[in-house]
Each structure stands twice: as structure tokens, then as C-alpha cells.
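Asker:
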Amino acid sequence: MIALVTGATSGIGKSTAEIFAGNGYDVIITGRREERLSEFKKNLESKYKIKVLALCFDIRQVAEVEKAINSLPADFKKIDVLVNNAGLAAGLSSIQDGNIDHWERMIDTNIKGLLYITKSVSKVMIENKKGHIINVGSIAGKEAYANGNVYCGTKHAVDALSKSMRIDLLQHGIKVSAVNPGMVETEFSVVRFDGDESRAKKVYEGLQPLSPDDVAETIYWMASRPAHVNINDVIIMPSAQANSTTVKRHA
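First residue of the sequence shown? That's 83 in my numbering, and the numbers climb one at a time after it.
(1) Closer than 6 Å by C-beta to residue 142: which residues in its own chain qualify, once you throw out the five before and the five after it? Chain order, please.
(2) Using a Cβ-Cβ cut-off of 6 Å (strictly less than) and excluding sequence neighbours within five positions of residue 132, which residues of its own chain qualify?
(3) Taking the alpha helix (DSSP H) that residue 252 falls in, what are its first and last residues?
(4) Do you know offhand how far residue 158's Cα is from residue 221's?
(5) Using C-beta distances below 8 Å, list every residue in its chain close to residue 298, excluding the 5 sequence neighbours before and after it, in chain order.
(6) Report, in whole angstroms, the separation of the C-beta atoms of residue 167 and residue 88, which I expect to be a contact under 8 Å.
(7) Closer than 7 Å by C-beta to residue 307: which residues in its own chain qualify, once you throw out the five before and the five after it? Chain order, please.
(8) Keeping to the same chain, check which residues put their C-beta closer than 7 Å to that of residue 272; ignore five residues upstream and five downstream.
(9) For the segment 319-326 against the segment 113-127, are there 3 or more C-beta pairs whose distance is under 8 Å?
(10) Here's a check: name, in chain order, each residue in its chain whose Cβ is nearer than 7 Å to the Cβ of residue 176, leaving out the five neighbours to either side.
(11) Cutting at 8 Å between CB atoms, please list the residues of its own chain near residue 295, excluding the five before and the five after it.
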């Protein structure tokens, strides 16, 4: 069995690649940080005695995506699971004060990047007559919140795309699922706040957010259901978070 995980150099993606490797899958890990990818590849191979292919490319660049997937070696072409994890939030501003560069990065990564990789991998899955695509969305794709405008928009797009993919790929026997987490403590807020770690830390103060492992375990559970079972959609939240804006913090 082979799992391809995008954005595998940190956070949910890294935990997801690890849990699949720990369950005997060979894994394809992708990301833009070559040194991290290389180190992670070595660690996975050593720890789990499985095969790992590291693909360093920018998911926002369609030519790079197509080149990477089209040049897969024969023993990695039968992809069983694609986890579309790569994504980010950039900035937290009202629509009128939004940073255009932030908008472009979110749209290019969260929507266009997901589409590019899905198109290439779904063709491989159709040839193989099997596969499972799991899209990592967000509670921001189920609701909207102040100053989250474009990020919420991109994750609403992921929600809609997951539903459409499910319909389009049904006739080919390919499963499609989506997992939508609430607060997960990763590099997410550091990236959103342009590297401001003190500001990012405050997001999670006074509560226990989800860990990347919590989400990865859910993703693996979705992928490990029997052939006749498809988990269409999951929302996973910390116990201390009811929705995008309602949380319980301790003193």
C-alpha cells in the first residue's frame, strides 16, 4: 500500500505520513523544504523499514506538480491514498485591509495546489481502478469568522470540492473524504502571523488544542475502513472549542 501526503515536513502532514508508515504503508512525502524532507525520509525508513519517496516541489506550480507525479518510479505509481494536507493561513485582516500577497498565497496553495495534485493523482488512481483521496479542510470551511474572509473562503472551497470529487470519482471506485479540524497546535499560527511566535502562542493559551497526531489518527481511521465504507466528512474539535469563535480557556 502507498500513501502520498502533501505538506509533510511539519504538523498534520508529518504526523499523517508517520502513522501510515507505522502501519506498513510505503509513503510519498512532498514539501518545499528539501532538508526537512530528506531528514524525515531517513527517519521513516530507519524506524519503520518501509520505502519512502521524497518529492520536493512547490504545489502552487502546476508544471512542478505534473512533473513530479508523471515521473514517479514504477514501484510508487500505485497510490492507494492521497492526503491533501498542504495548506496555510496568511494574515488576519478585514476584507478592506487585506494583504493581496496573503490572499494569493492562500488561494494558490489551499485551492489551486489541491486541484493540481488531485488532478494528476486521480488519473493514476483511475488507471489503477482504486484509491482514496482525503482532503484536510478546516472548521473555517464550515463557518466564517471576523477577519478570516479569504482563508474561510479557501476552506469553503475545499469543502465544496470534496463533495464534487466524491460525485465525479464515484463511478471509478475512488473514495473521497474530508477532515475538518478546529484548533491544532502546529506552525499554522506562526505562518499566519508572519513568524510572530509570541502572537501565535496566545492563540492556544489557556486550553488544550488538538495535536497533529489527533488529526492524523482520524485520517488513518478514515483510510482504514472496509472497502464498502466511505467516511464522507468529519469535523474534529478540541473539547474546549465549540466552534470557530467559542472556546473555554482556564485561568
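Note that the Cβ used here is the ideal one computed from N, Cα and C, for glycine as well. Here the structure is a predicted model, which is why all the values come from computation and not from measurement.
Answerer: Answer, in terms of the structure:
(1) If you number the sequence shown from 1, residue 142 lands on position 60. Result list for residue 142: 190, 191, 195, in chain order.
(2) Taking the sequence shown and counting its residues from 1, the one referred to as residue 132 is at position 50. Exclusion of the five residues before and after residue 132 leaves 103, 108 as the residues of its chain whose Cβ lies within less than 6 Å of its Cβ.
(3) The residue given as residue 252 occupies position 170 in the sequence shown. Residues 231-252.
(4) By one-based count along the sequence shown, residue 158 stands at place 76. By one-based count along the sequence shown, residue 221 stands at place 139. About 33 Å.
(5) For the purposes of this step, residue 298 is taken as the residue at position 216 of the sequence shown. Closer than 8 Å at Cβ, skipping near neighbours: 94, 97, 98, 100, 101.
(6) For this step, residue 167 is matched to residue 85 along the sequence shown. For this step, residue 88 is matched to residue 6 along the sequence shown. About 5 Å; that satisfies the 8 Å criterion.
(7) Locating residue 307 in the sequence shown gives position 225, where the first residue counts as 1. Excluding residues within five positions, the ones whose Cβ falls inside 7 Å are 313.
(8) Taking the sequence shown and counting its residues from 1, the one referred to as residue 272 is at position 190. Excluding sequence neighbours, residue 272 sits near 279, 282.
(9) The segment 113-127 and the segment 319-326 do not touch, with fewer than three beta-carbon pairs separated by less than 8 Å.
(10) The residue given as residue 176 occupies position 94 in the sequence shown. Only 229 meet the Cβ criterion.
(11) If you number the sequence shown from 1, residue 295 lands on position 213. The residues are 97, 101.
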